[in-house]
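So the protein lines, in turn, are chains S and A.
Note that the first sequence covers residues 384 to 816 in the working numbering.
Note that the second sequence covers residues 120 to 258 in the working numbering.
Below is one structure, written out as C-alpha cells, with a few remarks after it.
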Amino acid sequence: MTGPATYGQLTELACRQLAEWSTRLATERLPTGAGMTAIGQYRAVLAALDRHAHQVTGQARHPLIDELDEPVTRPTRALRVFLDTLTRTATESGIHPGPHPEVAAARTWNAASDLLATHFTSSGEPRSPDAVHLDRPGGQAAALQRVAAAVTVLQAAVPTLRLRAAQAGVAWARVETLLPEQRDLMVAARRAAGAPVPAGWDGVTVARPGVPVDGRLGELTGRVRRLRHWAWRLATQPAPGVRTLTDFATTAVIVHRAAADLPGAGQPLTQRARDAATAWAGVRDGLHHLRTASPGISTVRADAHALQHLALELGAGIDCPDRHAIAVTSAVLNAFTDIAGWNAATVTQLASRRGLLLRGRYMTGSDITDHPDLAAAKLSDCLAPIPPGYLDRLNDAYAAAAAGRSPARPVTVRPTPHHTRAHGPGRSAPGLG
Amino acid sequence: MATPVPTAVEVLVENVARDLPGLWSLLYAAELLTLRLADGPGRLDAGAVTAGMALRDAVEELEWTHPDVGTGAAALDLEPDLAARDRGRDAVERLLRAALGIAAGLVIDPGLPVDDVLMLARVVALIGHARQQLARPRP
C-alpha cells in the first residue's frame with residue numbers, strides 16, 4: 384500500500400487473510416502439536432471481529448443504540464448479539480481471550496479498529512471531519528456487512544477446525560469442550576448479517592411460534608407445525624425464493640424415508656411414506672434446476688435443517704418407536720400433504736408472474752416446440768421462464784406427493800449430450816428435440 | 120456405451136478449467152452424485168444426505184455471486200452403481216479434492232474481488248463439511 388492505509392483497504396486485506404487462513408485449514412493438515420495454536424488463532428480473530436463491531440457501532444458513543452428499533456439498526460443489533468453469544472460461548476468453554484497466537488487476519492482487523500478509534504476521543508467526541516460519517520446508523524450498517532461476512536467465514540471454518548485440531552493431537556473430548564458443535568451456524572450467521580433476507584420479512588422470525596423442547600418427538604411436532612405454517616405463508620408472498628421450496632422438498636424426502644424405515648409402523652404407513660418419498664424426490668429434482676431472483680428464507684432453512692437432523696436420528700433408531708412415535712409420524716406425513724398443496728400453488732403463482740426460471744439445457748423438445756423464445760434459450764443454455772410442460776410435470780409430482788403415490792413421469796430430463804459427454808450405465812441421453 | 124462413473128469423474132477432473140465455472144462443474148457433479156447415492160434403496164444414508172445438502176449450499180453460494188457461472192459449463196449428472204456405493208463415494212471425494220484445489224488456488228489470487236474471496240472461503244468450508252459427512256460410517 385502506498386500512502387496511509389484506508390479503512391476499505393484494511394478490511395479488504397483482513398477478509399482476504401481470513402479466507403486464506405480458513406482455506407488452508409480445509410486443504411492442509413496442521414502440524415502435530417499445532418492444534419491449540421489454531422484454536423487460539425480462531426479465538427484471536429473472533430475477539431478482533433467483536434472488538435471491531437463494537438468500534439463500528441460505537442457502543443461507548445451510543446449506549447442507546449440497542450433501544451432504537453429501526454430497520455437499519457436491526458441487522459446491526461443481530462450481529463452484535465451473535466458476536467456476543469459466540470464470544471461468551473468461547474470464554475465459557477475455556478478458550479480465554481489473549482494473549483493470542485499471531486494470526487494475520489486478527490492483526491489487520493485490530494488495525495482497522497485502531498484506525499476508526501483515531502477519529503474519536505475517549506469520551507466519544509468527534510476528532511475529525513470524517514467522524515460524522517462513521518456515526519450514522521446507515522453507514523455503520525454498511526460497514527458491518529463486511530464484518531458479518533467475515534464472521535460467517537470464521538464460523539463456517541469451525542467444523543474443519545475441530546477436525547484439524549483433533550488430527551493434530553488435541554484430545555477429542557477437549558475439542559468438544561472448546562469448540563462445541565453448533566448446528567445451523569451458517570444460518571445464524573446469515574441472519575446476523577441481515578442479508579440477503581428481503582425487507583419486510585425479518586420481523587416474521589420474531590413472531591414465529593416457539594418450538595417445544597420436551598424430547599425429540601415434541602420438537603419434531605413443533606418444527607413440522609412451523610414448516611406447515613411457512614408453506615401456507617409462502618403461497619401468498621409476492622416473491623418467494625425457489626430455495627425455500629427446495630428446502631421443503633428435501634426435508635420431505637428425508638422425513639418420508641425415515642418414516643418408511645420406522646420399524647413397527649405397519650404396512651400402509653410404510654408404503655405411503657415410501658411412495659411419497661419417491662414423489663417428493665421427483666419434486667426436488669424438478670426444483671433443483673429452477674432459479675428465482677429472490678433468496679430462500681433463512682428461518683425455514685433453520686427449521687428444515689433441524690427437522691432433517693431429527694428425522695435422521697429417529698430413522699437411525701436412536702429413539703425406540705412406540706405408539707406415540709407412530710402417531711406423531713402419521714401426523715407429520717399429513718402435514719406434508721398440506722405442504723405439497725401449498726408449495727404447488729406457490730410454484731404456479733411464481734410461474735404465472737414469469738418469476739420461475741429454468742436453464743435451457745433442461746427443457747425438452749416438446750417443452751420448446753411452440754415457443755421460439757424458449758428454443759433460443761435452449762440453444763444458448765441461458766435462463767428463461769419455465770415452459771408450461773415443465774410446470775405441468777412439476778405440478779403432477781406435487782399432486783403425487785400429496786396423494787402419497789409414485790409419480791407417473793419424471794419432471795426433469797438429463798442434460799443433452801452437447802453439455803454432458805459422460806453418462807452413467809443404462810442411461811441414454813435425450814436428444815435435442 | 121456407458122462410461123463408468125470413476126472414468127467420467129477422472130475425465131472431468133483432468134479437463135476442468137481452474138476457474139469459477141470449473142469449480143461449479145466439479146461441485147455440481149459431486150452434488151448430484153451424492154444425491155443419487157443418498158436416494159438409493161436401503162436405509163437412509165444420513166452422511167450422504169447431509170453432504171448433499173452442504174454441496175447444494177456450495178453450488179448456491181457460487182450461483183448467488185455469479186448467476187451465469189453454470190452457463191455452458193460442463194454439467195455432469197452421473198448415475199452411480201448402487202451395488203458399489205463405496206466407489207461412488209470415492210468418486211465424490213475425488214471431485215471434492217479437485218474442487219478444494221481450485222478454490223485454494225483462487226482464494227490467494229489478489230486479482231479476485233474480495234466478495235468472491237469470501238464466497239470461496241464459505242464454499243471451501245461447505246466442501247470440508249461434506250467430506251466429513253461422507254466419511255461417516257454408513258448404516
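Every residue gets a Cβ at the ideal spot worked out from N, C-alpha and C, and that includes glycine.
In summary, the residues of the region 147-160 of chain A whose CB is separated from some CB of chain S by less than 7 Å are D158, in the order they occur in the chain. Within the same chain, Cβ atoms closer than 7 Å to the Cβ of L401/S are found at V428, A488, A533, V536 and L537, the five residues on either side in sequence being excluded.
Residue environment analysis places E395/S among the buried positions, since at least 16 neighbouring C-beta atoms fall within 10 angstroms of its C-beta. Neighbourhood of R640/S in chain A, by CB distance below 8 Å: L163, in chain order. Shown here, R137/A sits in coil according to DSSP, grouped into three states, outside any helix or strand. Contacts between D644/S and chain A, judged by CB atoms closer than 7 Å, involve R162 and L163 in chain order. At a cut-off of 8 Å between beta carbons, D764/S contacts chain A.
With its beta carbon at least 8 Å from every one in chain A, A556/S lies outside the interface. Listed along chain A, the residues sitting closer than 7 Å to S405/S by beta-carbon distance are A240, V243 and A244.
Going by beta carbons, G787/S and R655/S fall inside the 8 Å limit.
Taken atom to atom, the span from the alpha-carbon of G159/A to that of I769/S is near 29 Å.
For G141/A, there are no neighbours in chain S by C-beta distance under 9 Å, as the nearest C-beta there is about 15 Å away. Contact of T619/S with chain A is not assigned, every C-beta pair being separated by 8 Å or more. With at least 16 other beta carbons inside 10 angstroms of its own, S144/A counts as buried.
From the listed residues N726/S, A549/S and T653/S, the smallest Cα separation to T415/S is found for A549/S. Residue-level contact check: V536/S touches chain A, since one or more beta carbons of chain A fall below 8 Å from its beta carbon.
Between the region 145-164 of chain A and the region 172-192 of chain A there are three or more inter-stretch CB-CB distances shorter than 8 Å, so the stretches are counted as touching. In the DSSP assignment, L766/S forms a beta bridge with R742/S.
DSSP links F503/S through a beta bridge to P509/S. Interface criterion met: the Cβ of G191/A is under 8 Å from a Cβ in chain S. A687/S and T747/S do not touch by the CB rule: their CB atoms are close to 30 Å apart, not below 8 Å.
Scanning its chain for C-beta atoms nearer than 8 Å, with the 5 sequence neighbours on each side dropped, one finds around G141/A the residues V135, A192 and I221, in chain order.
The beta carbons of V794/S and F719/S sit no closer together than 8 Å. V211/A does not reach chain S, its nearest Cβ partner there being about 14 Å away, counting only Cβ pairs nearer than 8 Å. The beta carbon of V607/S lies closer than 6 Å to those of V715 and A718 in the same chain, with the five residues before and after it left out. Listed by position along chain S, the residues whose Cβ is nearer than 7 Å to that of I227/A are E403. Around the Cβ of T629/S, a 10 Å sphere holds 16 or more other Cβ atoms; the residue is buried.
For L253/A, not one C-beta of chain S is nearer than 8 Å to its own C-beta. Residues of chain A with a Cβ closer than 9 Å to the Cβ of P542/S are, in chain order, A244, G247, H248 and Q251. Taking all protein chains shown into account, G189/A has 16 or more neighbouring C-beta atoms within 10 Å of its C-beta and is therefore buried. Straight-line spacing of the CA atoms in S405/S and E129/A works out to 27 Å.
Note that the C-beta distance between L225/A and A149/A is not below 8 Å. In the displayed model, R674/S falls within a strand according to three-state DSSP. V683/S is positioned such that its CB atom lies closer than 8 Å to that of T627/S. Residue R599/S holds the alpha-carbon nearest to the alpha-carbon of E696/S among P651/S, R599/S and I680/S. When A495/S, D668/S, V439/S and A430/S are compared, the shortest CA-CA separation from T470/S is found for A430/S.
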